[in-house]
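Undergrad: Have a look at this one.
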Amino acid sequence: ARTAAALLELEASKAREAALREANAQLQEANTRLKEELEAVRAELIAERAANAALREEVKQVKAELAKFEAMLKDLQDRYDILEKEANEMREELARRNNTKTRSCQTQVTGEDLDAQDAELKKLRVMLEELQQKVKDLLEQCKRKLGGKVQDIADALGLGEEFLGKKTVFQRLYDDAKDRVHRLEALREKVRQERGVLLGPEAAAEAPEPSVMSILEGEPRIPEAPQELKPPPVAVSPPPRPPGSSQLKPP
Numbered sequence: 008a009r010t011a012a013a014l015l016e017l018e019a020s021k022a023r024e025a026a027l028r029e030a031n032a033q034l035q036e037a038n039t040r041l042k043e044e045l046e047a048v049r050a051e052l053i054a055e056r057a058a059n060a061a062l063r064e065e066v067k068q069v070k071a072e073l074a075k076f077e078a079m080l081k082d083l084q085d086r087y088d089i090l091e092k093e094a095n096e097m098r099e100e101l102a103r104r105n106n107t108k109t110r111s112c113q114t115q116v117t118g119e120d121l122d123a124q125d126a127e128l129k130k131l132r133v134m135l136e137e138l139q140q141k142v143k144d145l146l147e148q149c150k151r152k153l154g155g156k157v158q159d160i161a162d163a164l165g166l167g168e169e170f171l172g173k174k175t176v177f178q179r180l181y182d183d184a185k186d187r188v189h190r191l192e193a194l195r196e197k198v199r200q201e202r203g204v205l206l207g208p209e210a211a212a213e214a215p216e217p218s219v220m221s222i223l224e225g226e227p228r229i230p231e232a233p234q235e236l237k238p239p240p241v242a243v244s245p246p247p248r249p250p251g252s253s254q255l256k257p258p
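Here it is as structure tokens:
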């Protein structure tokens, strides 16, 4: 009887040992898989940081270009305002001379002076239009790469919607980057859940890993998507009256 009991105990011990070995093999396999997934997450985070660094450099260059164009626009606008003021004063003086009835009134303003001022004003108008077109072309080229960033820069420089339209392809790039962060968070949550199933809730709760967004705190966050401009409301005229209907006539 004792021998039979010992044999049963030995068989039970062997079964427990086999179960422990199987559980250990599963834990090792799960640990290997989790390490691979975490390495993939880290690699993707490194790529995101590199992309953010490149984007910041492009934004810096665009700001410098726009600041230069803004200074040129301001200088041309100041020159234009001064010449326009002088031309208006000359026109007023010439008008007073033509309307006076006394021949004793004299002036130093001549038609040649006015023509020269008009020519200078036309030249400045052309220069302003050309510079504005260059700024518009620059912004259009930058919008293909930077999207909403260009809108923010243009607003900060006072260019506003005069040169920019609605958001472009960058909106899709922005949404894709934002979705990528959400996918990383979902993957981290899946890893934590699998760890809790295999190692138990207490082991899964030990040393919780920070979220993806907390890891990126030192980096610039993904900018908020610029809001789309809403078209102005369209006034709807009332439907025409059917023929023969009575209409009120004015008294």
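Going letter by letter, the sequence shown gives residues 8 to 258 in the numbering used here.
Glycine is no exception: its CB is placed at the ideal position from the N, C-alpha and C atoms.
For residue 98, which option in 79, 122, 86 and 84 has the closest C-alpha, if you only look at C-alpha atoms?
TA: 122
Undergrad: Got a sec? Which residues, its chain only, sit under 8 angstroms from residue 94 by beta carbon, not counting five neighbours each side?
TA: Annotation for residue 94: 121, 124, 125 and 128 place their beta carbon closer than 8 angstroms to its own, counting only its chain and skipping 5 residues before and after.
Undergrad: Hey, how far is the Cα of residue 69 from the Cα of residue 142?
TA: 11 angstroms
Undergrad: Would you call the segment 82-91 in contact with the segment 128-138, where contact means no fewer than 3 C-beta pairs closer than 8 angstroms?
TA: yes
Undergrad: Using a Cβ-Cβ cut-off of 8 angstroms (strictly less than) and excluding sequence neighbours within five positions of residue 60, which residues of its own chain qualify?
TA: none
Undergrad: Could you compute how far the alpha carbon of residue 87 sits from the alpha carbon of residue 104?
TA: 26 angstroms
Undergrad: Can you tell me which of 91, 35, 79 and 13 puts its alpha carbon nearest to the alpha carbon of residue 136?
TA: 79
Undergrad: State the Cα-Cα distance for the pair residue 90 and residue 66, rounded to the nearest angstrom.
TA: Whole-angstrom Cα-Cα distance: 36 angstroms.
Undergrad: Alpha carbons only, please: which of 30, 102, 138 and 57 is nearest the one belonging to residue 267?
TA: Outside the shown range of the chain (8 to 258) lies residue 267, about which nothing can therefore be said.
Undergrad: Using only the alpha-carbon positions, how far apart do residue 10 and residue 16 sit?
TA: 10 angstroms
Undergrad: Using a 10 Å radius around the Cβ and a threshold of 16 neighbouring Cβ atoms, would you call residue 14 buried or exposed?
TA: exposed
Undergrad: Measure the C-alpha to C-alpha separation of residue 34 and residue 40 and round it to an integer number of angstroms.
TA: 10 angstroms
Undergrad: Round the Cβ separation of residue 194 and residue 24 to the nearest angstrom and send it over; I've been treating them as touching at under 8 angstroms.
TA: With a Cβ gap of about 35 angstroms, residue 194 and residue 24 do not count as contacting.
Undergrad: Nearest-angstrom Cα distance between residue 19 and residue 12?
TA: For residue 19 and residue 12, the distance between alpha carbons rounds to 11 angstroms.
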